[in-house]
Amino acid sequence: MAAPAGHQISSAVGKNLSDASTGGAAGVPGANKPTTFEELNRILQSRGTTLSHRIQSVLAVLEENPEDLRGFFSTCYQPLLWQIFNFDDGASGWLQSVSTGNDREAWTLLDFLSPKGPLMKAVLAADADGLMHFAFPLERLPVRTQRLLQTDPVGLNARPPYRNCVQRDANDRCHVHLGLYHYFFFWSAYYACSAARGSSSAGLAGNGRRQAHAGTHSRPQWMDWPMAGLMPGSGGQRIHPYRELL
65 MAAPAGHQIS SAVGKNLSDA STGGAAGVPG ANKPTTFEEL NRILQSRGTT LSHRIQSVLA
125 VLEENPEDLR GFFSTCYQPL LWQIFNFDDG ASGWLQSVST GNDREAWTLL DFLSPKGPLM
185 KAVLAADADG LMHFAFPLER LPVRTQRLLQ TDPVGLNARP PYRNCVQRDA NDRCHVHLGL
245 YHYFFFWSAY YACSAARGSS SAGLAGNGRR QAHAGTHSRP QWMDWPMAGL MPGSGGQRIH
305 PYRELL
(Lines of atoms letter the chains of each structure in order from A and count residues from 1; the text may use other names and numbers.)
(Lines give C-alpha, C1' and ligand atoms only; values in the text may rest on other atoms or scores of the structure.)
Protein backbone atom coordinates (compact mmCIF):
# COMPACT_ATOMS: atom_id res chain seq x y z
CA MET A 1 0.00 0.00 0.00
CA ALA A 2 1.41 3.43 -0.91
CA ALA A 3 2.58 5.66 1.91
CA PRO A 4 0.44 8.76 2.59
CA ALA A 5 1.65 11.96 0.91
CA GLY A 6 2.48 13.54 4.26
CA HIS A 7 4.70 10.58 5.16
CA GLN A 8 6.58 10.86 1.88
CA ILE A 9 7.16 14.57 2.48
CA SER A 10 8.34 14.07 6.06
CA SER A 11 10.68 11.27 5.03
CA ALA A 12 12.33 13.48 2.43
CA VAL A 13 12.64 16.36 4.91
CA GLY A 14 14.06 13.99 7.51
CA LYS A 15 16.78 12.91 5.09
CA ASN A 16 17.68 16.53 4.35
CA LEU A 17 17.84 17.34 8.04
CA SER A 18 19.96 14.30 8.71
CA ASP A 19 22.38 15.27 5.97
CA ALA A 20 22.60 18.81 7.35
CA SER A 21 23.16 17.73 10.92
CA THR A 22 26.14 15.57 9.99
CA GLY A 23 27.87 18.41 8.15
CA GLY A 24 30.64 20.67 9.35
CA ALA A 25 28.54 22.86 11.64
CA ALA A 26 28.91 22.38 15.34
CA GLY A 27 26.07 20.38 16.81
CA VAL A 28 24.09 20.89 19.96
CA PRO A 29 25.77 19.26 22.97
CA GLY A 30 24.17 15.88 23.53
CA ALA A 31 23.09 16.59 27.10
CA ASN A 32 21.25 19.75 26.02
CA LYS A 33 19.88 18.57 22.70
CA PRO A 34 16.14 19.40 22.64
CA THR A 35 13.67 16.91 21.26
CA THR A 36 10.27 18.51 21.86
CA PHE A 37 8.62 21.68 20.62
CA GLU A 38 8.20 22.96 24.18
CA GLU A 39 11.91 22.48 24.91
CA LEU A 40 12.79 24.36 21.74
CA ASN A 41 10.55 27.30 22.65
CA ARG A 42 12.23 27.53 26.05
CA ILE A 43 15.65 27.66 24.36
CA LEU A 44 14.48 30.28 21.86
CA GLN A 45 13.23 32.50 24.67
CA SER A 46 16.27 32.02 26.88
CA ARG A 47 18.67 34.96 27.14
CA GLY A 48 21.51 32.71 28.24
CA THR A 49 22.04 30.81 24.98
CA THR A 50 24.08 31.75 21.92
CA LEU A 51 22.60 32.29 18.49
CA SER A 52 24.48 29.25 17.21
CA HIS A 53 23.00 27.06 19.96
CA ARG A 54 19.47 28.29 19.24
CA ILE A 55 19.83 27.61 15.53
CA GLN A 56 21.25 24.14 16.12
CA SER A 57 18.38 23.49 18.54
CA VAL A 58 15.85 24.34 15.81
CA LEU A 59 17.56 21.92 13.43
CA ALA A 60 17.74 19.24 16.12
CA VAL A 61 14.00 19.43 16.84
CA LEU A 62 13.16 19.38 13.13
CA GLU A 63 15.35 16.30 12.74
CA GLU A 64 13.74 14.65 15.76
CA ASN A 65 10.21 15.25 14.46
CA PRO A 66 10.31 14.84 10.65
CA GLU A 67 6.79 13.39 10.55
CA ASP A 68 5.19 16.15 12.60
CA LEU A 69 5.81 19.30 10.61
CA ARG A 70 2.34 20.52 11.58
CA GLY A 71 3.27 20.30 15.24
CA PHE A 72 6.58 22.09 14.68
CA PHE A 73 5.14 24.98 12.70
CA SER A 74 2.01 25.42 14.80
CA THR A 75 4.03 25.48 18.03
CA CYS A 76 7.41 26.95 17.09
CA TYR A 77 7.17 28.92 13.85
CA GLN A 78 5.86 32.21 15.23
CA PRO A 79 8.24 32.19 18.24
CA LEU A 80 11.08 31.46 15.81
CA LEU A 81 10.14 34.31 13.46
CA TRP A 82 9.83 36.64 16.42
CA GLN A 83 13.40 35.75 17.40
CA ILE A 84 14.63 36.37 13.85
CA PHE A 85 12.92 39.74 13.30
CA ASN A 86 11.87 41.05 16.75
CA PHE A 87 10.32 44.51 16.59
CA ASP A 88 10.04 45.31 20.30
CA ASP A 89 11.51 48.67 21.31
CA GLY A 90 14.97 48.07 22.70
CA ALA A 91 14.96 44.40 21.67
CA SER A 92 17.34 42.82 19.21
CA GLY A 93 16.30 40.06 16.84
CA TRP A 94 18.78 37.73 15.23
CA LEU A 95 19.08 39.79 12.06
CA GLN A 96 19.77 42.91 14.06
CA SER A 97 22.23 41.23 16.41
CA VAL A 98 24.44 39.81 13.65
CA SER A 99 24.54 43.20 11.90
CA THR A 100 26.71 44.59 14.72
CA GLY A 101 29.91 42.87 13.64
CA ASN A 102 29.86 39.15 14.51
CA ASP A 103 30.69 37.68 11.12
CA ARG A 104 30.72 34.08 12.29
CA GLU A 105 27.16 34.34 13.59
CA ALA A 106 26.13 36.28 10.47
CA TRP A 107 27.21 33.42 8.23
CA THR A 108 25.59 30.89 10.58
CA LEU A 109 22.28 32.75 10.26
CA LEU A 110 22.70 33.10 6.51
CA ASP A 111 23.15 29.34 6.18
CA PHE A 112 20.15 28.74 8.44
CA LEU A 113 17.87 30.92 6.29
CA SER A 114 19.19 29.62 2.98
CA PRO A 115 16.54 28.29 0.56
CA LYS A 116 18.61 25.10 0.44
CA GLY A 117 18.75 24.75 4.24
CA PRO A 118 16.69 22.34 6.35
CA LEU A 119 14.33 25.03 7.69
CA MET A 120 13.25 26.32 4.29
CA LYS A 121 13.02 22.79 2.90
CA ALA A 122 10.65 21.97 5.75
CA VAL A 123 8.67 25.16 5.05
CA LEU A 124 8.27 24.26 1.39
CA ALA A 125 7.38 20.65 2.20
CA ALA A 126 4.69 21.78 4.65
CA ASP A 127 3.31 24.28 2.14
CA ALA A 128 3.19 21.63 -0.58
CA ASP A 129 0.99 19.58 1.74
CA GLY A 130 -1.17 22.63 2.62
CA LEU A 131 -0.60 22.08 6.34
CA MET A 132 -1.45 25.55 7.65
CA HIS A 133 -1.77 29.28 7.09
CA PHE A 134 -1.17 32.29 9.31
CA ALA A 135 -3.02 35.61 9.25
CA PHE A 136 -0.54 38.45 8.83
CA PRO A 137 -1.17 41.23 11.41
CA LEU A 138 -3.40 43.86 9.83
CA GLU A 139 -1.59 46.74 11.49
CA ARG A 140 1.71 45.66 9.92
CA LEU A 141 0.41 45.61 6.40
CA PRO A 142 0.95 48.73 4.23
CA VAL A 143 -1.69 51.41 4.72
CA ARG A 144 -2.73 50.98 1.08
CA THR A 145 -3.37 47.28 1.66
CA GLN A 146 -5.31 47.94 4.85
CA ARG A 147 -7.51 50.38 2.95
CA LEU A 148 -8.14 47.92 0.11
CA LEU A 149 -9.07 45.21 2.59
CA GLN A 150 -11.88 47.51 3.70
CA THR A 151 -12.91 48.99 0.35
CA ASP A 152 -12.05 46.40 -2.33
CA PRO A 153 -11.12 43.02 -0.82
CA VAL A 154 -12.28 41.16 -3.96
CA GLY A 155 -9.98 43.22 -6.16
CA LEU A 156 -7.09 42.81 -3.75
CA ASN A 157 -7.67 39.06 -3.65
CA ALA A 158 -7.38 38.90 -7.44
CA ARG A 159 -3.84 40.22 -7.79
CA PRO A 160 -0.42 39.19 -6.48
CA PRO A 161 0.95 38.95 -3.91
CA TYR A 162 -2.49 38.71 -2.27
CA ARG A 163 -4.15 36.41 -4.81
CA ASN A 164 -6.42 33.90 -3.04
CA CYS A 165 -5.11 35.06 0.35
CA VAL A 166 -7.91 37.38 1.49
CA GLN A 167 -10.42 35.77 3.85
CA ARG A 168 -13.22 37.08 6.05
CA ASP A 169 -13.50 36.24 9.71
CA ALA A 170 -16.67 35.63 11.73
CA ASN A 171 -17.05 39.40 12.20
CA ASP A 172 -16.90 40.00 8.43
CA ARG A 173 -13.46 41.57 8.73
CA CYS A 174 -10.97 40.74 5.97
CA HIS A 175 -7.51 39.36 6.70
CA VAL A 176 -4.53 38.21 4.65
CA HIS A 177 -3.86 34.50 5.23
CA LEU A 178 -0.48 33.20 4.07
CA GLY A 179 1.28 29.90 3.75
CA LEU A 180 4.49 29.40 5.71
CA TYR A 181 6.81 30.51 2.90
CA HIS A 182 4.97 33.73 2.11
CA TYR A 183 4.40 34.43 5.80
CA PHE A 184 8.18 34.43 6.25
CA PHE A 185 8.74 36.78 3.34
CA PHE A 186 6.00 39.19 4.38
CA TRP A 187 7.84 39.53 7.70
CA SER A 188 11.10 39.97 5.75
CA ALA A 189 9.53 42.80 3.76
CA TYR A 190 8.15 44.41 6.90
CA TYR A 191 11.57 44.17 8.52
CA ALA A 192 13.23 45.83 5.53
CA CYS A 193 10.65 48.64 5.37
CA SER A 194 10.12 49.25 9.07
CA ALA A 195 10.87 52.78 10.17
CA ALA A 196 11.75 51.31 13.56
CA ARG A 197 14.96 49.99 11.99
CA GLY A 198 16.04 53.37 10.65
CA SER A 199 17.81 54.30 13.88
CA SER A 200 20.02 51.26 13.51
CA SER A 201 21.17 52.08 10.00
CA ALA A 202 23.92 54.37 11.22
CA GLY A 203 25.41 51.45 13.09
CA LEU A 204 25.25 49.34 9.97
CA ALA A 205 27.06 52.01 8.01
CA GLY A 206 29.77 52.19 10.67
CA ASN A 207 30.22 48.46 10.53
CA GLY A 208 30.54 48.65 6.78
CA ARG A 209 33.46 51.02 7.13
CA ARG A 210 35.13 48.76 9.68
CA GLN A 211 34.88 45.81 7.33
CA ALA A 212 37.73 47.21 5.26
CA HIS A 213 40.03 46.37 8.17
CA ALA A 214 38.41 43.03 9.02
CA GLY A 215 39.59 39.56 8.09
CA THR A 216 38.91 37.68 4.90
CA HIS A 217 35.20 37.17 5.67
CA SER A 218 32.86 40.09 5.14
CA ARG A 219 29.26 40.36 6.27
CA PRO A 220 26.74 39.32 3.59
CA GLN A 221 25.49 42.37 1.67
CA TRP A 222 21.83 41.43 2.22
CA MET A 223 22.21 42.50 5.84
CA ASP A 224 22.82 46.13 4.84
CA TRP A 225 21.16 47.05 1.54
CA PRO A 226 17.47 46.89 2.56
CA MET A 227 18.02 49.82 4.95
CA ALA A 228 19.34 52.18 2.26
CA GLY A 229 17.15 55.23 1.71
CA LEU A 230 14.92 54.56 4.73
CA MET A 231 16.69 56.75 7.28
CA PRO A 232 15.00 59.99 8.30
CA GLY A 233 16.69 62.88 6.50
CA SER A 234 18.11 60.68 3.76
CA GLY A 235 16.13 62.69 1.23
CA GLY A 236 14.24 59.58 0.41
CA GLN A 237 10.82 59.97 -0.91
CA ARG A 238 11.77 56.78 -2.76
CA ILE A 239 9.46 53.82 -2.47
CA HIS A 240 11.40 50.90 -1.08
CA PRO A 241 11.47 47.95 -3.51
CA TYR A 242 10.15 45.61 -0.81
CA ARG A 243 7.20 47.94 -0.22
CA GLU A 244 6.30 47.54 -3.87
CA LEU A 245 5.85 43.82 -3.21
CA LEU A 246 3.25 44.57 -0.57
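Heads up: the sequence shown begins at 65 in our numbering, then just goes up one per residue.
All residues carry an ideal CB built from backbone N, CA and C; glycine is no exception.
A quick note: this is a predicted structure, and the numbers were derived from the prediction, not measured.
Residue i (DSSP reduced to helix, strand or coil)
{"i": "His241", "result": "strand"}
{"i": "Ala234", "result": "coil"}
{"i": "Ala222", "result": "coil"}
{"i": "Pro313", "result": "Since the displayed the chain opens at 65 and closes at 310, residue 313 lies outside it and no answer follows."}
{"i": "Lys185", "result": "helix"}
{"i": "Asn166", "result": "coil"}
{"i": "Asn228", "result": "coil"}
{"i": "Leu205", "result": "coil"}
{"i": "Thr100", "result": "coil"}
Residues of its chain near residue i, where Cβ-Cβ distance is below 6 Å and the 5 sequence neighbours each way are ignored
{"i": "Ser178", "result": "none"}
{"i": "Arg134", "result": "Leu195"}
{"i": "Glu128", "result": "Thr99"}
{"i": "Leu220", "result": "Leu212, Tyr226 and Val230"}
{"i": "His117", "result": "none"}
{"i": "Leu173", "result": "Trp158 and Val162"}
Test item: CB-CB of residue i and residue j under 9 Å
{"i": "Val240", "j": "Leu205", "result": "yes"}
{"i": "Val162", "j": "Leu115", "result": "yes"}
{"i": "Tyr247", "j": "His197", "result": "yes"}
{"i": "Phe200", "j": "Phe250", "result": "yes"}
{"i": "Ala218", "j": "Val207", "result": "It should be pointed out that residue 218 corresponds to Val in this sequence rather than to Ala. Contact flag unset, no."}
{"i": "Asp226", "j": "Thr209", "result": "A small fix is needed here, since residue 226 is Tyr in this sequence, not Asp. Yes, the Cβ-Cβ distance between Tyr226 and Thr209 is below 9 Å."}
{"i": "Val187", "j": "Leu108", "result": "no"}
{"i": "Ser252", "j": "Phe149", "result": "yes"}
Nonlocal neighbours in the same chain, by C-beta distance under 7 Å from residue i, ignoring five residues either side
{"i": "Thr104", "result": "Note that residue 104 is Leu in the sequence shown here, rather than Thr. Answer for Leu104: Pro98, Ser121, Val122, Val125 and Cys140, listed in chain order."}
Cross-strand partners of residue i (DSSP beta bridge)
{"i": "Phe136", "result": "None, per the DSSP bridge assignment."}
{"i": "Phe198", "result": "Leu242"}
Neighbourhood of residue i by C-beta, 8 Å cutoff - its chain only, sequence neighbours within 5 removed
{"i": "Arg232", "result": "Pro217, Cys238 and His239"}
{"i": "Trp146", "result": "Gly157"}
{"i": "Pro143", "result": "Asn105, Leu108 and Gln109"}
{"i": "Ile119", "result": "Thr172, Leu173 and Phe176"}
{"i": "Ser138", "result": "Met196"}
Cβ-heavy atom distance, residue i to the ligand FMN, below 8 Å
{"i": "Lys180", "result": "With respect to the ligand FMN, the structure offers nothing, as it holds no ligand at all."}
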